[in-house]
Amino acid sequence: MRLYNTMSRRVEEFVPVEPGKVSMYCCGPTVYNYAHIGNLRTFLFEDLLHRTLEVEGYDVKHVMNITDVGHLTGDGDDGEDKLGKRSRETGKSVWDIAKFYTDAFFKDEQDLDIKRPDVVCRATDHIQDMINLIKRLEEKGHTYIAGGNVYFSIDTIDDYGKLARLNLDDLKSGARIDVDSNKRNPKDFVLWFTNSKFKNQAMTWDSPWGVGYPGWHIECSAMSMKYLGEHFDIHCGGIDAIPVHHTNEIAQSEAATGHTWVNYWCHGEFLLNDSGKMSKSSGEFLTLPVIESKGYDALDYRYFCLSGHYRSQLKFSYEALDHAKAARKSLVDKISEFKASSAAVPSDRAEEHVKAFNEAMFNDLNSPQALSKLWVMMKDPSLSDGEKLYAALRMDRILGLRLDEVAAKSEERVGSDEDWALVEERTAAKKNKDYARADQIRAELLERGFAVKDTPKGPVLEKIV
RNA sequence: GGUGUCGUACCCAAGUGGCCUAAGGGGACGGUCUGCAAAACCGUUUUUCAUCGGUUCGAAUCCGAUCGACACCUCCA
37 MRLYNTMSRR VEEFVPVEPG KVSMYCCGPT VYNYAHIGNL RTFLFEDLLH RTLEVEGYDV
97 KHVMNITDVG HLTGDGDDGE DKLGKRSRET GKSVWDIAKF YTDAFFKDEQ DLDIKRPDVV
157 CRATDHIQDM INLIKRLEEK GHTYIAGGNV YFSIDTIDDY GKLARLNLDD LKSGARIDVD
217 SNKRNPKDFV LWFTNSKFKN QAMTWDSPWG VGYPGWHIEC SAMSMKYLGE HFDIHCGGID
277 AIPVHHTNEI AQSEAATGHT WVNYWCHGEF LLNDSGKMSK SSGEFLTLPV IESKGYDALD
337 YRYFCLSGHY RSQLKFSYEA LDHAKAARKS LVDKISEFKA SSAAVPSDRA EEHVKAFNEA
397 MFNDLNSPQA LSKLWVMMKD PSLSDGEKLY AALRMDRILG LRLDEVAAKS EERVGSDEDW
457 ALVEERTAAK KNKDYARADQ IRAELLERGF AVKDTPKGPV LEKIV
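The first sequence begins at 37 in our numbering and counts up by one.
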């Protein structure tokens with residue numbers, strides 16, 4: 037497996053810490069609102085990585101957090117907690133909000149056939165682990181207290197910003213960073229808040245520094261180390277996490293342990309729309325249910341994401357989604373036909389196609405190329421239907437298009453008995469060359485929501501979406 | 001200002017020194033089939049990779065310039 041590592045800015049050969057095993061941590065959702073399809077693209081990429089590593093034979097341990105506290109709305113360290121803000125706006129408790137959007141998130145993941153991570157951990161269940169980590173940093177002299185909050189001092193380490201290749205001199209003089217008089221360095225960040233300017237902070241915990249709540253970055257460090265150890269393989273997230281979130285995670289984690297924390301940093305690019313980046317605050321707020329309500333299947337969106345490389349920006353448009361939908365339908369129809377005629381048959385020739393497909397995926401998850409290998413296989417005249425079915429299902433272990441659940445064509449009998457009575461009447465009319473009546477019935481069935489198609493095996497009804 | 005990315009045929013999108021007269025999908029068009037359709041199948045839409053210049057036996061692929069688009073650095077995946 038070759039993977040692009042943001043730390044080195046190169047595609048590298050992946051070598052796990054422990055042979056045969058992969059430990060990966062992925063930054064999860066902040067559950068104060070629905071995830072939009074851009075958010076979901078990143079989780080789709082992580083799922084692709086997870087599946088590809090498994091197909092390569094690795095035993096993967098995938099950990100993902102749920103951020104349900106500490107992620108602030110502001111650009112400095114003085115914003116309001118996102119969950120808290122939502123709670124204030126809606127009058128619901130922060131716990132109810134977190135649960136509601138966590139459930140919604142997993143519904144989306146399920147629809148997209150994203151494998152559930154082996155460990156899903158909530159920040160609020162790991163406050164003690166965070167406190168312990170902050171204590172470690174305090175003991176090693178990496179922290180200071182100012183204005184009631186515990187800060188991490190980036191000047192106590194010598195490689196701050198190595199992931200993002202930040203130029204600290206520029207940053208110090210940069211005028212775009214909020215001036216927080218409590219900070220010794222503008223890039224210092226809060227580990228523990230006791231002094232929120234928003235009163236009635238709903239979620240607070242006792243700590244050695246007083247009652248308060250954790251900073252956002254500390255949760256990922258604490259939880260990843262708890263479940264994966266202090267030196268693990270892969271850490272994923274969206275590219276926007278590079279300069280601040282992941283930079284701060286590395287700073288505190290390596291300061292605490294004194295050694296390298298993560299070997300491979302993998303980041304998914306953004307999904308864009310016409311106006312640029314997709315955000316929750318501007319433009320159309322595109323969620324999976326919104327797309328589904330317009331007649332698309334969640335898997336159409338999955339296919340759409342597969343058709344672009346994860347490290348390239350992908351521009352969302354309904355036109356492009358239509359292409360994906362058409363391609364997936366064509367694929368599913370063929371699979372359905374294969375299932376009607378034969379069972380999956382392994383063969384060396386089919387195996388060669390699977391190998392070509394896998395190699396595209398092993399090369400930094402080149403899913404667009406892998407899809408082309410799938411289509412080349414589907415159109416290979418030297419393969420039997422059973423061989424094609426076999427190869428497609430093998431490829432689908434990574435693609436996740438639920439091809440195994442596609443029903444065989446013969447089993448698909450849609451329409452009621454009444455509809456089928458009409459079909460039979462039409463067949464009879466055709467036999468008598470009463471084409472006017474036949475066409476009339478076709479129009480009637482169309483109104484009932486079905487298209488009649490004459491196949492060599494007789495007429496078939498197809499539901500119109 | 002800093003960091004990084006991209007510009008590929010009608011659309012989406014791989015390929016990043018020779019096997020590329022560019023994979024695959026979508027769309028359109030033509031054909032076969034059909035009472036007509038739809039579906040399916042076959043074919044076409046391809047000497048071309050933003051522009052200009054350079055390196056090289058050889059460039060979509062490397063270098064430079066120009067033009068254009070974008071993201072991140074600021075809550076966002």
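Beta carbons are placed, not taken as given, at the ideal position from N, Cα and C, and that holds for glycine.
Just so it is clear, the structure is predicted and the values come from calculations on it, not from any experiment.
C-beta contact flag for residue i and residue j at 8 angstroms
| i | j | result |
| --- | --- | --- |
| Asp154 | Val91 | no |
| Met60 | Ile270 | yes |
| Gly344 | Leu335 | no |
| Cys15 | Leu39 | Given a span of 37 to 501 for the chain in the structure shown, any question on residue 15 remains unanswerable. |
| Val368 | Val442 | yes |
| Leu401 | Thr78 | no |
| Asp15 | Met259 | Outside the shown range of the chain (37 to 501) lies residue 15, about which nothing can therefore be said. |
| Gly246 | Thr230 | yes |
| Tyr187 | Val226 | yes |
| Tyr68 | Tyr137 | yes |
| Lys198 | Ala292 | no |
| Arg4 | Asp149 | Given a span of 37 to 501 for the chain in the structure shown, any question on residue 4 remains unanswerable. |
| Phe17 | Val53 | Absent from the structure is residue 17, since the part of the chain shown begins at 37 and ends at 501. |
| Ala140 | Leu119 | no |
Distance between residue j and residue i (C-alpha atoms, nearest Å)
| i | j | result |
| --- | --- | --- |
| Lys415 | Lys409 | 10 angstroms |
| Ala472 | Ser348 | 54 angstroms |
| Leu84 | Leu435 | 7 angstroms |
| Leu322 | Glu145 | 15 angstroms |
| Ala540 | Asp475 | This structure leaves residue 540 out entirely; the chain is present only between 37 and 501. |
| Lys499 | Val450 | 7 angstroms |
| Ser452 | Val459 | 11 angstroms |
| Arg484 | Ile477 | 10 angstroms |
| Glu387 | Ser420 | 13 angstroms |
| Asn221 | Tyr332 | 49 angstroms |
| Phe142 | Val156 | 11 angstroms |
| Val412 | Lys361 | 19 angstroms |
| Glu48 | Thr42 | 10 angstroms |
| Ile193 | Asp384 | 55 angstroms |
| Ser311 | His72 | 16 angstroms |
| Val51 | His282 | 21 angstroms |
| Lys469 | Ala479 | 17 angstroms |
| Trp456 | Ile275 | 54 angstroms |
| Leu357 | Lys313 | 17 angstroms |
| Val496 | Val58 | 48 angstroms |
| Asp132 | Asp117 | 15 angstroms |
Residue i classed as buried or exposed, judged by whether at least 16 other C-beta atoms fall within 10 angstroms
| i | result |
| --- | --- |
| Glu423 | buried |
| Gly210 | Low per-residue confidence applies at Gly210: pLDDT is 43, beneath 50, and the placement is therefore not dependable, though the value from the model is reported in the following sentence. Its Cβ having fewer than 16 others within 10 Å, Gly210 is exposed. |
| Gln288 | buried |
| His162 | buried |
| Leu307 | buried |
| Arg45 | exposed |
| Arg201 | exposed |
| Ser123 | buried |
| Thr296 | exposed |
| Tyr337 | buried |
| Pro55 | exposed |
| Asp95 | exposed |
Limits of the beta strand (DSSP E) - the one that residue i falls within
| i | result |
| --- | --- |
| Arg38 | 38-41 |
| Val156 | 155-158 |
| Leu439 | Premise fails: Leu439 is in no beta strand (DSSP E) and is neither H nor E. |
| Trp228 | 225-229 |
| Val247 | Note, Val247: premise wrong, no beta strand (DSSP E); not H, not E. |
| Asn309 | 307-309 |
7 angstroms CB neighbourhood of residue i in its chain, flanking five on each side removed
| i | result |
| --- | --- |
| Pro404 | Ser343, Gly344, His345 |
| Ser257 | Leu169, Glu285, Gln288, Ser289 |
| Asp440 | Leu429, Asp432 |
| Lys121 | Thr109 |
| Asn394 | Val91 |
| Phe81 | Gly304, Tyr346 |
| Ile254 | Met166, Leu169, Ile170, Leu227, Gln288 |
Residues near residue i in its chain [Cβ-Cβ closer than 8 angstroms; skip 5 each side]
| i | result |
| --- | --- |
| Ala379 | Gly422, Leu425 |
| Ser189 | His178, Thr179, Tyr180, Arg220, Asn221, Asp224 |
| Glu328 | Asp147, Ala334 |
Spatial neighbours of residue i in its chain, beta-carbon cut-off 6 angstroms, leaving aside the 5 residues before and after
| i | result |
| --- | --- |
| Ala396 | Asn402, Gln405, Ala406, Lys409 |
| Trp445 | Strictly speaking, residue 445 in this sequence is Lys, with Trp absent from that position. Closer than 6 angstroms at the Cβ level, and outside the excluded window around Lys445, lie Ser372, Glu373, Ala376. |
| Thr103 | Thr66, Ala159 |
| His359 | none |
| Glu174 | none |
| His389 | Met413, Ala427 |
Start-to-end residues for the alpha helix (DSSP H) that takes in residue i
| i | result |
| --- | --- |
| Thr126 | 118-126 |
Distance cut-off 7 angstroms: residue i Cβ against heavy atoms of the ligand FAD
| i | result |
| --- | --- |
| His303 | With respect to the ligand FAD, the structure offers nothing, as it holds no ligand at all. |
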